[in-house]
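*Asks:* Chains as they are written, first to last, in our numbering: chain A, 30 to 300; chain B, -15 to 191.
Got a structure for you, questions after.
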């Protein structure tokens, strides 16, 4: 085996992940791992770019389709009402900006780590909240896309980005992030993304704080949209950042029970 | 247009695309119209293939074109064509949308259709220019020349929006094998399609 072949063999796993990355087909854990690798690997950036070009070609093999005339008008109106993002000067390293760090290692479950870093949010970390999928690491391009999304949801963002110390937590179900809990003293908010809506007449979601294994109901909230939505948890609890974990349960009735019946998502504090 | 050969037009198109991005960066709202005019059809064709719903596909398009307006500097000219960049964004947002919107059950039933789509299909004669037929036929031939398991894995991931693990489950294949097939298939497609790949991306979008 030549040196080149050996390098190829050693790098093969990354090559495979690069193709999956471009196809947006990686599992969250692979996506996190590969995102870190990609930032420093020119070979993988080339593989991603090559795959992207092939994907573009694959798009040409589709039945032609014309969007409605209304869409053009809708877009025009949205553009007229939208200001452009003014990005800071690009980093001089020529490498993508890594805006969030990987989840802590050594967590045996599929729970994803928590971050306790207000400056992360205020600086460029909107993506860390909005990029609910698995974008714990975002490349420049993705970060900007996320910021663009953020800009369109200004009220949600201004609420999230209010000054003060806060704790951000990604809540997972079956390995997928379905919500992010943003807790600050006296108030907890849940940014949902893809959680099932509940029947607001006969059920409610409950946010639980967990200390030494004992869950404490922090308040109830409803999910009214399966798209990204920010829900404020009815709660006047203090010391929210003292909890070592959070959980979300779906409960029959409109009151929080003394302990959760059906936990639908959870995440652990690792800071 | 009749006097202009298509390869020449493609090169012109690539330059025109970069110029469009430059206008967007300069804050020219009218450039969004032109950008939309140029890419709306391939973008819509891709989005509706992935989400299988015209209304949702239009939402995806609005998201994408608005994002392009907001931050055109996200396009890195050093890597790839404007067309591929745009279509990758469409793909990404369409996959996100379908994962949000589709219940697991619906995905299961649709998976059967997606598996069928990976089979060789009769040519759909929907394009009116012979050159376009040549181009899409070339892509189709390249896909059909892949070993069936590779084609199936790539088709499910790209057109179906499935993750590697979902593809593994759908095809009864170990995850590692799926990853290997996707890499091998992509390499083969790249070799087959060659350097012309980038310019293939917007056939049908420029007329």
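Cβ coordinates follow ideal geometry from the N, Cα and C atoms, glycine included.
Can you find a CB in chain A that lies within less than 8 Å of the CB of residue 135(B)?
*Replies:* The residue you call residue 135(B) lines up with position 151 of the second chain. No, no contact with chain A.
*Asks:* Closer than 9 Å between beta carbons: that is the criterion. Which residues of the stretch -4 to 26 of chain B meet it against chain A?
*Replies:* Per Cβ criterion, the list reads 8, 9, 11, 13, 16, 17, 20, 21, 24, 25, 26.
*Asks:* For my contact list, residue 159(B) and residue 171(B) are in at a C-beta cut-off of 8 Å; report their separation, rounded to the angstrom.
*Replies:* To locate residue 159(B), count along the second chain from 1; it is residue 175. To locate residue 171(B), count along the second chain from 1; it is residue 187. That pair is no contact at about 19 Å.
*Asks:* What does the alpha-carbon distance come out to for the pair residue 220(A) and residue 99(A)?
*Replies:* If you number the first chain from 1, residue 220(A) lands on position 191. If you number the first chain from 1, residue 99(A) lands on position 70. Rounded to whole angstroms, residue 220(A) to residue 99(A) spans 31 Å at the Cα level.
*Asks:* Using beta carbons (cut-off 8 Å, strictly below), is residue 55(B) in contact with chain A?
*Replies:* In the second chain, residue 55(B) corresponds to position 71, counting from 1. Chain A contact via Cβ: present.
*Asks:* Identify each residue in the stretch 33 to 54 of chain B for which the Cβ-Cβ distance to at least one residue of chain A is less than 7 Å, and report them in chain order.
*Replies:* The stretch 33 to 54 of chain B vs chain A, Cβ under 7 Å: 33, 42, 45, 46, 49, 50, 51, 53, 54.
*Asks:* Output the distance between the C-alpha atoms of residue 232(A) and residue 77(A), rounded to the nearest integer angstrom.
*Replies:* In the first chain, the residue the question calls residue 232(A) occupies position 203. In the first chain, the residue the question calls residue 77(A) occupies position 48. Cα to Cα, residue 232(A) sits roughly 45 Å from residue 77(A).
*Asks:* Would you mind giving the Cβ-Cβ distance between residue 197(A) and residue 206(A), rounded to the nearest angstrom? I have them listed as a contact below 8 Å.
*Replies:* Here residue 197(A) is taken as the residue at index 168 of the first chain, counted from 1. Here residue 206(A) is taken as the residue at index 177 of the first chain, counted from 1. Not quite, the Cβ-Cβ distance comes to about 12 Å (not below 8 Å), so this is no contact.
*Asks:* Which term fits residue 223(B), buried or exposed, when burial requires 16 or more other beta carbons within 10 angstroms of its beta carbon?
*Replies:* Lying before the first or after the last residue shown, residue 223(B) is absent from chain B, which here runs from -15 to 191.
*Asks:* Tell me the residue span of the alpha helix (DSSP H) that contains residue 72(A).
*Replies:* Here residue 72(A) refers to the residue found at position 43 of the first chain. Taken as a continuous stretch (DSSP letters only), the alpha helix (DSSP H) holding residue 72(A) covers 71 to 88.
*Asks:* Taking Cβ positions only, does residue 129(B) come closer than 8 Å to chain A?
*Replies:* Stepping through the second chain from its first residue, residue 129(B) is reached at position 145. No, residue 129(B) does not count as interfacial toward chain A.
*Asks:* With the cut-off set at 8 Å, would you say residue 56(B) and residue 9(B) are in Cβ contact?
*Replies:* To locate residue 56(B), count along the second chain from 1; it is residue 72. To locate residue 9(B), count along the second chain from 1; it is residue 25. Yes, these two residues count as a Cβ contact at 8 Å.
*Asks:* Tell me whether the beta-carbon of residue 167(B) lies closer than 8 Å to the beta-carbon of residue 48(A).
*Replies:* Within the second chain, numbered from 1, the residue matching residue 167(B) stands at position 183. Within the first chain, numbered from 1, the residue matching residue 48(A) stands at position 19. Contact flag set, yes.
*Asks:* What number of angstroms, rounded off, separates the C-alpha of residue 77(B) from the C-alpha of residue 70(B)?
*Replies:* Taking the second chain and counting its residues from 1, one reaches residue 77(B) at position 93. Taking the second chain and counting its residues from 1, one reaches residue 70(B) at position 86. In a straight line, the C-alpha of residue 77(B) is about 11 Å away from that of residue 70(B).
*Asks:* Would residue 283(A) pass as an interface residue toward chain B - the criterion being a Cβ-Cβ separation below 8 Å?
*Replies:* Locating residue 283(A) in the first chain gives position 254, where the first residue counts as 1. No, no contact with chain B.
*Asks:* Residues of chain A with CB under 9 Å from residue 213(B), in chain order?
*Replies:* This structure does not reach residue 213(B), given that chain B is present from -15 up to 191, and the question cannot be answered.
*Asks:* Bridge partners of residue 250(A), per DSSP?
*Replies:* Looking up residue 250(A) in the first chain gives position 221. Answer is 234(A).
*Asks:* Spatial neighbours of residue 278(A) within its chain, please: CB distance less than 8 Å, with the 5 preceding and 5 following residues excluded, ordered by chain position.
*Replies:* One-based indexing of the first chain puts residue 278(A) at position 249. Closer than 8 Å at the Cβ level, and outside the excluded window around residue 278(A), lie 234, 235, 237, 289, 290, 291, 292, 293.
*Asks:* Could you run through the stretch 34 to 56 of chain A and flag, in chain order, every residue whose CB is less than 9 Å away from some CB of chain B?
*Replies:* From the stretch 34 to 56 of chain A, only 41, 42, 44, 45, 46, 47, 48, 49, 51, 52, 53, 54, 55, 56 have a Cβ closer than 9 Å to chain B.
*Asks:* Candidates 156(B), 162(B), 178(B), 4(B): which alpha carbon is nearest residue 122(B)'s?
*Replies:* Counting from 1 along the second chain, the entry for residue 122(B) is found at position 138. For the residues 156(B), 162(B), 178(B), 4(B), the minimum Cα distance to residue 122(B) belongs to 178(B).
*Asks:* Quick check on DSSP: helix, strand or coil for residue 65(B)?
*Replies:* Taking the second chain and counting its residues from 1, the one referred to as residue 65(B) is at position 81. Looking at residue 65(B) - three-state DSSP - the assignment turns out to be coil, as it is neither helix nor strand.
*Asks:* Give the interface partners of residue 153(B) over in chain A, defined as CB-CB distance under 9 Å, in chain order.
*Replies:* For the purposes of this step, residue 153(B) is identified with residue 169 of the second chain, where counting begins at 1. Here the premise fails: no neighbours, minimum Cβ distance about 12 Å.
*Asks:* Taking a contact to mean a Cβ-Cβ separation below 8 Å, would you say residue 34(B) touches residue 156(B) in this structure?
*Replies:* Start at 1 with the first residue of the second chain, and residue 34(B) comes out as number 50. Start at 1 with the first residue of the second chain, and residue 156(B) comes out as number 172. Going by C-beta atoms, residue 34(B) is not nearer than 8 Å to residue 156(B).
*Asks:* To which residues of the same chain is residue 74(B) closer than 8 Å at the C-beta, ignoring the five residues directly before and after it?
*Replies:* The sequence position of residue 74(B) within the second chain is 90, counting from 1. The residues are 27, 30, 31, 44, 45, 48.
*Asks:* Which residues in chain B sit within 8 Å of residue 84(A), going by Cβ to Cβ distance?
*Replies:* Reading the first chain from its first residue, position 55 is the one you call residue 84(A). What residue 84(A) touches in chain B: 68, 71, 72, 75, 142.
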